[in-house]
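As structure tokens, the structure follows; a few thoughts come after it.
There are 4 protein chains.
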Amino acid sequence: MPTTDADGPAPGLSHRRPIAVTWGDCDAAGVVFYPRYYAWFDASTHAMLDAAGLSHHRLKAEFGALGTPLVRAEADFRASATFGDTLTAECRVAAIGRRSFTVEHRLSLGGRVVVEGREVRVWAEPGPADGPPMIVRPLPDAIRRALTG
Amino acid sequence: MPTTDADGPAPGLSHRRPIAVTWGDCDAAGVVFYPRYYAWFDASTHAMLDAAGLSHHRLKAEFGALGTPLVRAEADFRASATFGDTLTAECRVAAIGRRSFTVEHRLSLGGRVVVEGREVRVWAEPGPADGPPMIVRPLPDAIRRALTG
Amino acid sequence: MPTTDADGPAPGLSHRRPIAVTWGDCDAAGVVFYPRYYAWFDASTHAMLDAAGLSHHRLKAEFGALGTPLVRAEADFRASATFGDTLTAECRVAAIGRRSFTVEHRLSLGGRVVVEGREVRVWAEPGPADGPPMIVRPLPDAIRRALTG
Amino acid sequence: MPTTDADGPAPGLSHRRPIAVTWGDCDAAGVVFYPRYYAWFDASTHAMLDAAGLSHHRLKAEFGALGTPLVRAEADFRASATFGDTLTAECRVAAIGRRSFTVEHRLSLGGRVVVEGREVRVWAEPGPADGPPMIVRPLPDAIRRALTG
């Protein structure tokens, strides 16, 4: 039988970490102020890349990257969380394109999904001397392999 | 008589305000840290509601609302912005459902779009004494009319 | 026998935790944006109180507190920190007054002090029906004892 | 000859701006989360410097500065503020040393002081190739004059 893709997602880099929700993460309704979830997405992606040896410092020093800026982010908020809660943050590389990669995020509390979302990031390098400061470039092969996990 | 709707989106509440990008809004790449855009979306929505007489204080005191929490938010990041930039933040109510409403956001810099996004918000009231602290309820008619602009 | 206090600070509640500095904590100079240190002070104080059984939920439900708002905060920034660093955050209750208590904070990196500071917090309860929403009141004895450690 | 300083503070650069307190600035007690006040101090200082022609971009390009990092910050919180409030933020250069300068901040609401504080900042330049990335250096004369107002 052909394609094996049908059975599920291809393996990709993944990461899991706890997040302790603090007083300062919450708004006047006593629940997490929603932009904080995106800050946690960002921190989870960086933690995943760090754990795979792809720290920002190395991406910059070894691969000449300015970073992996976002071109899109989205989230569905399914339940609320409050200070004192400890969320489980899971993320994984869900797609790898020529110049971009997608990271899927899920934050849960005691097995119940609180937020699901995704980030689409690109590979950015410094632009030419007479051009824009940042240009999007193809992902280096070594990075592509590392993201595959 | 033809409807006038066909030519474009139905009129809805809208708002425009400047945002001065500060040093603290930017990350180590020198551009706005992306969760900040969502904080600005949130602040723009509140400013739009305030300007229409729908302050959180009034929603709570007069309509018994806990607030208008998010069920979904998304954004496309089309260009970067940095400290010293003054963005123009525009938002408008793009759809009104039975229990939810959608706010579209656009932030631009000198006519160039920096970020476009949308928030889907619901109408939340306190839950019953023996139930969850917050339940989603239909939008009151007065609110629905006010959101229409 | 005389008191032994003269030799050093009286014992007080204390706490220690790691803080992973993230990309989003840093500003365009690539170092921690200084207000973040105060957010970590606040989170450390809450973590210390939580660990001693003094969660905000309990302070509210059992003691009728609105919280322990700040009346003063200060910090000396002795070195910089950046994303990828893991700081050690230590705090302890350094003084207990009739209505206030002081928490001293120290964040260090590999034994080197990065930031030292202190918060002075008061005990706040809801005000009378015809008065201000929040009033400062004496610390309950049970809280005073718990803060002593 | 007596100095004229005795009558009051020497003239220094100053700035005033409004701050609209947003929903996201507030914590679960419904009042401003205190680290936000420091973010506003920082933004006020940058706005004051920008208005005097001392933008970060110019400090970097023309004077080789990395920035004006904090060595100390402190604040006294005298009253609370909440979303919907518009604060008046005033700041002024209160002292100029050889390598540092002090900015005093006052945020008020309808004439009532909400927060008073101060920042002590230093002049930082890139370190030598084989040394630390940042070193503190004397304030250039042109900067010193500009800070005098």
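Chains as they are written, first to last, in our numbering: chain W, 4 to 152; chain B, 4 to 152; chain V, 4 to 152; chain U, 4 to 152.
For every residue, glycine included, the Cβ atom is placed at its ideal position computed from N, Cα and C.
Proximity below 8 Å, CB of residue i to CB of residue j
i      : j      : result
W:V96  : W:G152 : yes
B:G87  : B:V139 : no
W:W43  : V:D45  : no
U:A149 : U:A55  : yes
U:A1   : U:L90  : Here chain U comprises residues numbered 4 to 152, so residue 1 of chain U is not present and cannot be evaluated.
B:A80  : W:V74  : It should be noted that the sequence gives Phe, not Ala, for residue 80 of chain B. In this structure, W:V74 lies closer than 8 Å to B:F80 by Cβ.
B:G120 : B:H108 : yes
V:R147 : V:V125 : no
B:H59  : B:H49  : yes
B:Y40  : B:L110 : yes
U:A135 : U:F66  : Looking at the sequence itself, residue 135 of chain U is Pro, so the reference to Ala does not match. Against a cut-off of 8 Å, the Cβ pair of U:F66 and U:P135 comes out as no contact.
V:V118 : V:A78  : yes
U:A31  : W:G130 : no
U:M51  : U:C94  : yes
Per-residue DSSP class, three states only, for residue i
i     : result
V:S47 : helix
W:L73 : strand
W:L52 : helix
B:L90 : strand
U:R61 : helix
U:G27 : helix
V:A42 : helix
B:P5  : For B:P5, the pLDDT reaches just 38, beneath the cut-off of 50, and the residue's location in the model is therefore unreliable, although a value from the coordinates is still provided. In this structure, B:P5 counts as coil in the three-state DSSP scheme.
With 16 other Cβ atoms within 10 Å as the buried cut-off, status of residue i
i      : result
W:P38  : buried
V:D28  : buried
V:E122 : buried
B:A132 : exposed
B:V35  : buried
U:A92  : buried
B:A68  : buried
W:G15  : buried
U:I22  : buried
U:A64  : exposed
B:A70  : Here residue 70 of chain B is Gly; the residue named in the question, Ala, does not match the sequence. Buried, since its Cβ has 16 or more Cβ neighbours within 10 Å.
Start-to-end residues for the beta strand (DSSP E) that takes in residue i
i      : result
U:A127 : 127-129
U:A82  : Neither: U:A82 is in no beta strand (DSSP E) and is coded neither H nor E.
U:A23  : 17-23
B:V34  : Looking at the DSSP string, B:V34 is not in any beta strand (DSSP E), and its letter there is neither H nor E.
For residue i, the first and last residue of its enclosing alpha helix (DSSP H)
i      : result
W:F104 : Taken as a continuous stretch (DSSP letters only), W:F104 belongs to no alpha helix (DSSP H), being part of the beta strand (DSSP E) at 103-112.
B:R150 : Here residue 150 of chain B is Leu; the residue named in the question, Arg, does not match the sequence. Where B:L150 is concerned, the enclosing alpha helix (DSSP H) stretches over 144-151.
Against chain B: residues of the stretch 22-33 of chain V by CB proximity under 7 Å: W26, G27, C29, D30, A31, G33
What residues in the stretch 78-106 of chain W bring their beta carbon closer than 9 Å to a beta carbon of chain B? A78, D79, F80, R81, S83
Near-chain B residues of the stretch 50-62 of chain W (beta-carbon distance less than 9 Å), N- to C-terminal order: So the list reads H59, given in the order they occur along the chain.
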